[in-house]
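> What follows is a single structure, and I will ask about it in a moment.
Shown next as structure tokens:
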């Protein structure tokens with residue numbers, strides 16, 4: 014299809030109008046293939062709003078949101094779990110897989126003036142799903158009240174003097190709570206320390222507890238807070254039922270693993286618009302109250318997000334953050350009309366330098382193409398759906414855009430109210446790009462002849478039902494999420 018300028022300008026080897034075309038070889042074409050129902054069950058899920066490919070530890074599966082705010086886990090054509098999460102106000106959600114788990118953030122759309130914008134649902138949170146059919150739960154977790162009791166134990170050793178002791182809980186997804194139940198105790202050099210009244214954490218997700226301690230405090234002020242805590246080697250309770258731990262010995266020189274940073278982490282992480290992973294850190298962005306903020310977790314700890322050190326601020330301009338992706342060791346954050354970059358400098362995320370890449374081009378909340386069933390972007394470039402068109406991005410936007418030949422088709426879409434509907438997947442084996450358009454049809458681009466504006470071949474696809482979302486599974490099987498079966 015060629016839809017740029019006047020119809021008189023259409024090249025002889027292009028269509029001025031076409032629909033449901035697939036391309037065969039270098040110059041031939043035929044009708045697109047038909048579609049079949051994915052679910053072989055008596056009552057298949059319908060009224061689908063969003064689909065994500067969810068790679069678990071042993072297979073590729075799907076996460077599916079339907080119109081009543083319920084998310085299901087479709088393991089295969091005959092196995093469906095759920096709903097694993099139900100939030101009635103959720104019309105869409107962001108997702109990222111991490112260590113076989115699914116992290117889910119619910120969001121909604123609101124109208125500001127003539128423009129629709131997305132942000133995290135007020136009063137909602139980041140959720141984690143373990144992939145086993147059990148319900149998703151809030152990520153992170155709250156600490157219990159109470160105070161532990163420390164006392165002299167059997168013969169052993171400690172650095173004699175005042176220490177503050179506390180408890181750190183650990184969940185089945187590896188989240189570590191802030192130190193709680195703090196108490197000051199004066200240790201003796203030839204004695205170990207025993208603990209009782211160790212508080213229990215609320216919820217079946219809590220599976221371990223650690224005892225942490227300060228080094229000797231030279232001038233104790235009477236306030237148990239404000240000190241640096243360390244994990245005591247061996248001071249571990251491998252359950253959430255025991256309330257005692259006896260005869261722990263340690264020297265201050267043994268206190269190497271710092272726990273102080275846990276004091277400033279969210280115990281309930283506010284919902285945002287989207288998620289990505291950057292250098293082992295979970296990135297969440299555009300919460301209800303902070304549309305220009307992103308947060309970065311600790312490395313390898315996706316639920317440990319500091320309210321102080323983890324903040325990434327994009328200068329506010331009234332427009333929310335919409336997307337994020339890692340490319341060539343750089344974190345790119347997008348608004349609908351702006352692109353910026355952050356680079357990990359080895360220090361806390363709040364110190365990372367920001368660079369403005371483009372003040373006019375950005376993308377929507379699903380506007381970066383994922384590749385095959387990996388659910389991630391290309392290594393060498395991103396394919397971005399912007400107001401201007403579908404464009405390659407390798408650290409800068411490469412113009413003319415890939416959709417140059419169909420500029421009229423692209424720009425007549427309803428970007429003001431339906432920009433979030435743009436979603437793309439890249440089948441790099443068939444060399445085809447699929448894009449949900451704002452009118453809920455599909456635009457297919459075949460780049461077998463070349464990934465450039467002149468050689469790529471476009472055809473709109475339409476169906477008897479409206480398409481809201483799509484995904485690739487089992488390497489490159491295209492799955493369409495539709496209004497009805």
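Numbering (the numbering used here), first residue to last: 14 to 498.
Backbone N, C-alpha and C fix where the C-beta goes; we use that ideal spot for every residue, glycine too.
Keep in mind the model is a prediction, meaning the values are calculated, not measured.
Check whether the region 47-62 touches the region 461-469, taking contact to mean three or more Cβ pairs, one atom from each stretch, closer than 8 Å.
Contact between the region 47-62 and the region 461-469 is absent, because fewer than three Cβ pairs lie under 8 Å.
> Only counting the same chain, and skipping five residues up and downstream in sequence, which positions put a Cβ closer than 6 Å to that of residue 233?
As a position in the chain shown, residue 233 is number 220, starting the count at 1. Excluding positions up to five away in sequence, the list reads 175.
> Which complete beta strand (DSSP E) runs does the region 16-93 hold, if anything under 3 residues is left out?
Fully enclosed beta strand (DSSP E) runs of 3 or longer: 34-37, 41-44, 61-68, 73-79 and 83-89.
> Closest to residue 361 by CA distance: which of 340, 325 and 386 is it?
Here residue 361 refers to the residue found at position 348 of the chain shown. When only C-alpha atoms are compared, the closest one is 325.
> What whole-angstrom Cβ distance do residue 404 and residue 415 have, given they're in contact under 8 Å?
Mapped onto the chain shown, residue 404 falls at position 391. Mapped onto the chain shown, residue 415 falls at position 402. Between residue 415 and residue 404 the Cβ distance is about 6 Å, and since that is below 8 Å, they are a contact.
> Applying the 10 Å Cβ sphere with the 16-neighbour rule, what's the burial state of residue 433?
Locating residue 433 in the chain shown gives position 420, where the first residue counts as 1. Buried, because 16 or more other Cβ atoms sit within 10 Å of the Cβ of residue 433.
> Give the secondary structure of residue 105 by DSSP, where H, G and I count as helix, E and B as strand, and everything else as coil.
Indexing the chain shown from 1 puts residue 105 at position 92. Residue 105: strand per DSSP, three-state reduction.
> Of all the options 92, 267 and 191, which has the alpha carbon lying nearest to the alpha carbon of residue 172?
For the purposes of this step, residue 172 is identified with residue 159 of the chain shown, where counting begins at 1. Nearest C-alpha to residue 172: 267.
> Return helix, strand or coil for residue 276, following the three-state DSSP convention.
Position 263 of the chain shown, counting from 1, holds the residue named residue 276. Of the three classes helix, strand and coil, the one that applies to residue 276 here is helix, per DSSP.
> Are the CB atoms of residue 58 and residue 82 within a distance shorter than 8 Å?
The count along the chain shown starts at 1 and reaches residue 82 at position 69. The count along the chain shown starts at 1 and reaches residue 58 at position 45. Cβ atoms of residue 82 and residue 58: not closer than 8 Å.
> Whole angstroms are fine: how far does the CA of residue 421 sit from the CA of residue 18?
Locating residue 18 in the chain shown gives position 5, counting from the first residue. Locating residue 421 in the chain shown gives position 408, counting from the first residue. For residue 18 and residue 421, the distance between alpha carbons rounds to 7 Å.
> How close, in whole Å, do the beta carbons of residue 131 and residue 329 come, if the pair is a contact with beta carbons under 8 Å?
Within the chain shown, the letter at position 118 stands for residue 131. Within the chain shown, the letter at position 316 stands for residue 329. Contact flag wrong, Cβ pair sits at about 16 Å.
> Apart from the five residues on each side of it in sequence, which residues of its chain come closer than 6 Å, Cβ to Cβ, to residue 446?
Start at 1 with the first residue of the chain shown, and residue 446 comes out as number 433. 439 and 458, listed in sequence order.
> In whole angstroms, what is the alpha-carbon distance linking residue 142 and residue 151?
To locate residue 142, count along the chain shown from 1; it is residue 129. To locate residue 151, count along the chain shown from 1; it is residue 138. The straight-line gap from Cα to Cα measures roughly 9 Å.
> Where does residue 249 sit, in a helix, a strand or coil, going by DSSP?
Locating residue 249 in the chain shown gives position 236, counting from the first residue. In the structure shown, residue 249 sits in a strand (DSSP, three-state: E or B).
> Measure how close the beta-carbons of residue 122 and residue 133 come, nearest whole angstrom, since I'm counting them as under 8 Å.
The residue labelled residue 122 in the question sits at position 109 within the chain shown. The residue labelled residue 133 in the question sits at position 120 within the chain shown. Residue 122 to residue 133, Cβ: 12 Å. No contact.
> In the DSSP assignment, the beta strand (DSSP E) including residue 481 goes from what residue to what residue?
Counted from its first residue, the chain shown places residue 481 at position 468. Per DSSP, residue 481 belongs to the beta strand (DSSP E) from 480-486.
> Note down, in chain order, each residue of its chain lying with its Cβ closer than 6 Å to the Cβ of residue 448, except the 5 sequence neighbours on either side.
Residue 448 sits at position 435 when you count from the first residue of the chain shown. Counting only Cβ-Cβ distances below 6 Å, and skipping sequence neighbours, we find 437 and 456.
> Helix, strand or coil, according to DSSP, for residue 434 in the structure here?
Position 421 of the chain shown, counted from the start, is the residue given in the question as residue 434. Helix at residue 434.
> If you follow the beta strand (DSSP E) that residue 171 is part of, which residue opens it and which one closes it?
Within the chain shown, numbered from 1, the residue matching residue 171 stands at position 158. Unbroken run through residue 171: none, as it is neither H nor E.
> Rounding to the nearest angstrom, what Cα-Cα distance links residue 419 and residue 20 in this structure?
Translated into the one-based positions of the chain shown, residue 419 becomes position 406. Translated into the one-based positions of the chain shown, residue 20 becomes position 7. When rounded, the distance between both Cα atoms is 12 Å.
> Roughly how many whole angstroms lie between the Cα atoms of residue 222 and residue 182?
Residue numbering aside, residue 222 sits at position 209 when the chain shown is read from its first letter. Residue numbering aside, residue 182 sits at position 169 when the chain shown is read from its first letter. Distance between the alpha carbons of residue 222 and residue 182: 4 Å.
> Just confirm the distance between the C-beta atoms of residue 353 and residue 368, as a whole number of angstroms; I'd bet it's less than 8 Å.
For the purposes of this step, residue 353 is identified with residue 340 of the chain shown, where counting begins at 1. For the purposes of this step, residue 368 is identified with residue 355 of the chain shown, where counting begins at 1. Residue 353 to residue 368, Cβ: 7 Å. Contact.
> Check this for me: beta carbons of residue 277 and residue 320, under 8 Å apart or not?
Within the chain shown, residue 277 is the residue found at index 264, counting from 1. Within the chain shown, residue 320 is the residue found at index 307, counting from 1. Cβ atoms of residue 277 and residue 320: closer than 8 Å.
> Give the DSSP-derived three-state secondary structure of residue 412 in the structure shown.
Residue numbering aside, residue 412 sits at position 399 when the chain shown is read from its first letter. In the structure shown, residue 412 sits in coil (DSSP, three-state: anything other than H, G, I, E or B).
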